[in-house]
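Student: Just so you know, we're using this note's numbering here: the sequence shown kicks off at 214 and counts up by one.
Dropping a structure here in structure tokens format, bear with me for questions.
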Amino acid sequence: MYQLLKNILFKFDPEFDHRVVEFCLKNFAPLPLIADWMASQFCYMDLSLENEVEGMHFYNPVGLAAGFDKNATMIEGISLMGFAFAEIGSVTYVPQSGNPKPRVFRFVQEESLQNAMGFNNDGSSKIAQRVRKLYPYKTPLMISLGKNKEVPNALKNYEENLKAFQDLGDAYVFNASSPNTPNLRDLQNESFVRELFAMARSYTQKPLFLKVCPDNAIDVTLKVCESAISGGANGIVATNTSTDYSLVQSPKNIGGISGRALRNKSREVFYEIAKSFFGKATLISSGGIFDGEEAYDRIKMGASLVEIYSALIFQGPSVCKNINQEIANLLKADGYQNISEAIGVNVK
Ligand SMILES: Cc1cc2nc3c(=O)[nH]c(=O)nc-3n(C[C@H](O)[C@H](O)[C@H](O)COP(=O)(O)O)c2cc1C
214 MYQLLKNILF KFDPEFDHRV VEFCLKNFAP LPLIADWMAS QFCYMDLSLE NEVEGMHFYN
274 PVGLAAGFDK NATMIEGISL MGFAFAEIGS VTYVPQSGNP KPRVFRFVQE ESLQNAMGFN
334 NDGSSKIAQR VRKLYPYKTP LMISLGKNKE VPNALKNYEE NLKAFQDLGD AYVFNASSPN
394 TPNLRDLQNE SFVRELFAMA RSYTQKPLFL KVCPDNAIDV TLKVCESAIS GGANGIVATN
454 TSTDYSLVQS PKNIGGISGR ALRNKSREVF YEIAKSFFGK ATLISSGGIF DGEEAYDRIK
514 MGASLVEIYS ALIFQGPSVC KNINQEIANL LKADGYQNIS EAIGVNVK
């Protein structure tokens, strides 16, 4: 069914398609008959998948990665596609329109995307109002906080952004790893990250995460993670998109690559992080996860949760259910009663 729809959707510009999907999820998914139908089609329940992570209850380990619902307009539709949680945003303190279009590209054969969106979003004030209307949420809601493009003081900009969402996020993810805001990735340095989390801790006791890029030297990434954790972060989301354009055959010269082409790079970086921090911090894996086998591998490598984005574009709304069914089968085959027993078993 989605193959047919995909043939039509993929004839159009990715951002146009995204707007169509957003319109449908925003306006139709909450209607009772459609909501019931979506839940019956796309949600998968199995006790073996349920887990508590950082005080939040997750009925399965698969969440929607940041960037799909930048403006928090699709939260109900996202849960109805079977996701156990969503990372909305990245939101910036002040609204911004992002980079010039076109800024998203598909590589259909490689099931990969390249995007240079540049944090286009409605801004913290409007998005916070939207989110407030849905509180209390049906599933945990993480808020991804980005930085405005041009600001005199990055820390202050993140601070204002966090303040706008205070008490609204079940958790917050600080994103200093998007390649599409000039110099943003430079903020992945030990002293800034320590200050960032010390600042955030002074406002909230909710779980805090740092999302890292896959492109820095691994010792740099590990030091930055260490600073984040010692500064007050509960965990790390690894990874964001990659600026290694050799990952796809005919890359554009802007933005970051996601999807299957990112899988190996992302899992390597995740594993290095897990070897250093599993047991000390909560780890969330994102990057090139398309099936239950890959998701289960990341879980055994130390991920308490996984996040997907590109797989939803290439495989459609059943992807979350398929991944969860597969994880439940793999858990059973390995003799585990619950996912919590499998997390980190392969970390050496
Ligand atoms: C179009 C697009 C926009 C994205 N925007 C954001 C964003 O605003 N913030 C963020 O932290 N990550 C963003 N990402 C990165 C994803 O959250 C995810 O980490 C990355 O795509 C790797 O996962 P995937 O291979 O499953 O897509 C974006 C990805 C895509 C494809």
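The C-beta atom is built at its ideal place from N, Cα and C for all residues, glycine as well.
#1: Would you list the one or two residues that DSSP bridges to Phe229?
#2: Check each candidate in Gly529, Ser523, Phe491 and name the one with the smallest Cα separation from Met514.
#3: Secondary structure at Gly302, three-state DSSP: helix, strand or coil?
#4: Grab the span of the beta strand (DSSP E) containing Val317 for me, first residue to last.
#5: Roughly how many angstroms lie between the CA atoms of Ile442 and Gly268, to the nearest whole one?
#6: Just curious, the alpha helix (DSSP H) that Glu363 is in, first and last residue?
#7: Does ligand 1 have a heavy atom nearer than 7 Å to the CB of Asn388?
#8: Among Glu263, Met214, Ala329, which has the Cα closest to the Cα of Gln254?
#9: Got a sec? Which residues, its chain only, sit under 7 Å from Ala248 by beta carbon, not counting five neighbours each side?
#10: Does at least one heavy atom of ligand 1 sit under 7 Å from the Cβ of Ala524?
#11: By the three-class DSSP mapping on this structure, what secondary structure does Val560 have?
#12: Measure the CB-CB distance between Met355 and Tyr306 and report whether it falls below 8 Å.
#13: Taking Cβ to Cβ, would you say Cys438 is nearer than 8 Å to Ser390?
#14: Kindly indicate which three-state DSSP category Gly469 falls into: helix, strand or coil?
#15: Taking DSSP as the reference, what is the three-state secondary structure of Met251?
#16: Please say whether Glu372 and Met412 have beta carbons closer to each other than 8 Å?
#17: Less than 8 Å between the C-beta atoms of Lys369 and Tyr416, yes or no?
#18: Taking the straight line between their C-alpha atoms, what separation do you get for Thr454 and Glu263?
#19: Alpha carbon to alpha carbon, how far is Lys561 from Ile467? Give it in angstroms, no decimals.
#20: For Ser489, collect the residues of the same chain with a Cβ closer than 6 Å to its Cβ; drop the 5 residues on either side in sequence, then sort them by chain order.
#21: Do you know whose CA, among Gln327, Phe378, Asn559, Val406, lies nearest Val433's CA?
#22: Check whether the stretch 319 to 330 touches the stretch 516 to 528, taking contact to mean three or more Cβ pairs, one atom from each stretch, closer than 8 Å.
#23: Anyone know if the C-beta pair for Lys339 and Pro308 falls short of 8 Å?
#24: Below 8 Å on the Cβ atoms is my contact criterion, and I expect Gly469 with Thr394 to pass it. Report the Cβ-Cβ distance as a whole number of Å.
#25: Please classify Val462: is it buried, with 16 or more other beta-carbons within 10 angstroms of its beta-carbon, or exposed?
#26: Quick check: what's the CA-CA separation for Asn334 versus Asn284?
#27: Can you check DSSP and say which residues form a bridge with Tyr385?
#28: Between which two residues does the alpha helix (DSSP H) holding Ser553 run?
#29: Just mark Phe318 as buried or exposed, buried being the case when its beta carbon has 16 or more other beta carbons within 10 Å.
#30: Tell me whether Thr434 sits in a helix, a strand or coil according to DSSP, three-state version.
Tutor: Quick answer:
#1: The partner list for Phe229 (beta bridge, DSSP) is empty, contrary to what the question assumes.
#2: Selected option, being the one with the closest Cα: Phe491.
#3: Strand.
#4: That run of the beta strand (DSSP E) goes 317 to 320.
#5: Looking at the two C-alpha atoms, the distance is approximately 17 Å.
#6: Boundaries for Glu363: no alpha helix (DSSP H) harbours it, and the DSSP string shows neither H nor E there.
#7: Answer for Asn388: yes, Cβ within range of ligand 1.
#8: Sorting Glu263, Met214, Ala329 by C-alpha distance to the C-alpha of Gln254 places Met214 at the top.
#9: If the five residues before and after Ala248 are omitted, its C-beta is found closer than 7 Å to the C-beta atoms of Ala242, Leu293, all from its own chain and listed in chain order.
#10: Ala524: yes, Cβ under 7 Å from ligand 1.
#11: Val560 sits in coil when the DSSP states are folded into three classes, being neither helix nor strand.
#12: With contacts defined by Cβ atoms closer than 8 Å, Met355 and Tyr306 do not form a contacting pair.
#13: Taking a C-beta distance under 8 Å as the contact criterion, Cys438 and Ser390 do not qualify as a contact pair.
#14: Of the three classes helix, strand and coil, the one that applies to Gly469 here is strand, per DSSP.
#15: When DSSP states are grouped into helix, strand and coil, Met251 belongs to the helix group.
#16: Contact: yes.
#17: Using a Cβ distance threshold of 8 Å, Lys369 and Tyr416 do not count as a contacting pair.
#18: So the alpha carbons of these two residues sit roughly 28 Å apart.
#19: A straight line joining the alpha-carbon of Ile467 with that of Lys561 spans about 36 Å.
#20: Its chain contains Leu435 as the residues whose beta carbon lies nearer than 6 Å to that of Ser489, once the 5 sequence neighbours on both sides are disregarded; these appear in chain order.
#21: Ranking Gln327, Phe378, Asn559, Val406 by CA distance to the CA of Val433 puts Val406 first.
#22: With the cut-off at 8 Å, the stretch 319 to 330 and the stretch 516 to 528 touch.
#23: Cβ distance < 8 Å, so Lys339 and Pro308 count as in contact.
#24: Gly469 to Thr394, Cβ: 11 Å. No contact.
#25: A small fix is needed here, since residue 462 is Gln in this sequence, not Val. Per the 10 Å Cβ criterion, exposed.
#26: In a straight line, the C-alpha of Asn334 is about 6 Å away from that of Asn284.
#27: Bridge partners of Tyr385: Ile356, Leu421.
#28: In the DSSP assignment, Ser553 falls outside any alpha helix (DSSP H), carrying neither H nor E.
#29: Counting Cβ neighbours within 10 Å, Phe318 comes out buried, since at least 16 surround it.
#30: Looking at Thr434 - three-state DSSP - the assignment turns out to be helix.
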